[in-house]
Amino acid sequence: MEKIAETLKALSDPTRLRIVSLLRHGELCVCDLTEALQTPQSKVSRHLAFLKNAGWVKARRSGKWVYYQLLGSEPSLQSSVAEALTGHIATHPVCLEDDRRYFDFLATKSSRSCD
634 MEKIAETLKA LSDPTRLRIV SLLRHGELCV CDLTEALQTP QSKVSRHLAF
684 LKNAGWVKAR RSGKWVYYQL LGSEPSLQSS VAEALTGHIA THPVCLEDDR
734 RYFDFLATKS SRSCD
């Protein structure tokens, strides 16, 4: 029961919920998340570490950049909750604004990769 409580506790922060919402678009670099959230890189990285430690995201390093994606390919509490949650939070005005900033940033980015 404690493990379940700790896993769900990771979603008790608005910034982490916004990150989960953005990650529904697929694998994103910290720079993508920083731009979309208009939040300092150190804060985004701290929240991503929290989500990673709780089993919500996985990371992949490429050069100096780290890319994150939601865990969800295998059945788990996280994948079940993430599926239900992202459908609800994706329509929240704050998340819609994050999406707009993310897609605006993508339009100006030279490639999908930060490398």
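According to our numbering, the residues represented by the sequence shown are 634 to 748, in order.
Note that the Cβ used here is the ideal one computed from N, Cα and C, for glycine as well.
{"query": "Helix, strand or coil at residue 642 according to DSSP, with G and I counted as helix", "result": "helix"}
{"query": "Rounded straight-line distance, which links the Cα of residue 634 to that of residue 694", "result": "32 Å"}
{"query": "Cβ-based neighbour list, residue 728, same chain, cut-off 7 Å, excluding 5 preceding and 5 following", "result": "651, 654 and 722"}
{"query": "Pairwise C-alpha distance: residue 725 and residue 647", "result": "12 Å"}
{"query": "Separation of residue 636 from residue 668, as counted between CA atoms", "result": "32 Å"}
{"query": "Span separating the alpha-carbon of residue 685 from that of residue 692", "result": "8 Å"}
{"query": "Spatially closest choice to residue 699 from 670, 747, 715 and 719, by CA coordinates", "result": "747"}
{"query": "Cα-Cα separation between residue 734 and residue 743, rounded to whole angstroms", "result": "16 Å"}
{"query": "For residue 656 and residue 703, believed in contact at Cβ under 8 Å, the rounded distance", "result": "5 Å"}
{"query": "Per-residue DSSP class, three states only, for residue 691", "result": "strand"}
{"query": "Cβ separation of residue 670 and residue 731, assumed to be a contact under 8 Å, to the nearest whole Å", "result": "6 Å"}
{"query": "DSSP three-state assignment for residue 747, whether helix, strand or coil", "result": "coil"}
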